[in-house]
Amino acid sequence: MKIYKPKKKAHHCRRSRDSNIPLQISESKSEEAANQLQMGDSTFLDRMLLQLRSTCKYYSGYPKDLGPSRVLHFTSEREFVQLLHQGYPVVVAFTIRSNYTQHLDRMLEEAAAEFYPNIKFMRVECPKYPGFCITRQKNEYPFIEIFHSPQHAGNEGKVQDPNITRYSVKVVPYNYDMSPYGFREFFKRQGVRTSDPK
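Residue numbers for the sequence shown follow the numbering used here, so the first one is 5 and each next one is one higher.
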């Protein structure tokens, strides 16, 4: 018994005499498009990428143009107290030299730029200022604490110098994700205002 199998039809592509014309046109169009991409459209792509980077607030894989640094550097306890008296919350990073400190510095720069001017960020180099860091009574570095809500404290006993004003300030250890997003969530939970009241 023979099984009938239909023969496959061979498809032949025939090119007419004028087939070269549209081919030449398409090639010229592709060249023109490539030239436009190199000349004019490259600026469009650059603008699009800049817009994408600016809208992706919490993307940290690409170096951002954050402008001038908003991270303050600790120089003395007197200046630190003056900063607290301004009434802004202050995020203080107590650091030592380590590989992780480089990542921490980058995150501090991003967060400081995002929350400026309502929240101040400060970095303390503990090898330079060991006395101030030791008063925090921490053993593991780096660590972050947030100082906020300074208030006049009642004077206990007799104060020798009438020019001395006592303040109490809330200090909260930071243990969230080290990113602008982590800081924002932490501020929400702590009731720290990150923007001007409308």
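Where is the CB? At the ideal position from N, CA and C, for every residue including glycine. Here the structure is a predicted model, which is why all the values come from computation and not from measurement.
{"Item": "Continuous beta strand (DSSP E) assignments of at least 3 residues falling wholly in the stretch 85-158", "Value": "94-99, 124-129 and 147-156"}
{"Item": "Cβ shell of R197 (< 6 Å), same chain only, five flanking positions each side left out", "Value": "none"}
{"Item": "Where P72 falls: helix, strand or coil (DSSP)", "Value": "coil"}
{"Item": "First through last residue of the alpha helix (DSSP H) which encompasses G186", "Value": "P184 to Q194"}
{"Item": "Proximity below 8 Å, CB of L88 to CB of V96", "Value": "no"}
{"Item": "From R127, E81, I123 and Y120, residue whose alpha carbon lies closest to that of D109", "Value": "R127"}
{"Item": "C-beta atoms of K142 and F98 nearer than 8 Å", "Value": "yes"}
{"Item": "Whole-number beta carbon distance between V175 and E149, since they are thought to touch under 8 Å", "Value": "5 Å"}
{"Item": "Spatial neighbours of R51 in its chain, beta-carbon cut-off 8 Å, leaving aside the 5 residues before and after", "Value": "none"}
{"Item": "Separation of T47 from P146, as counted between CA atoms", "Value": "42 Å"}
{"Item": "Between the CA atoms of L76 and K124 - distance to the nearest angstrom", "Value": "8 Å"}
{"Item": "C-alpha distance - P184 paired with F119, whole-angstrom precision", "Value": "9 Å"}
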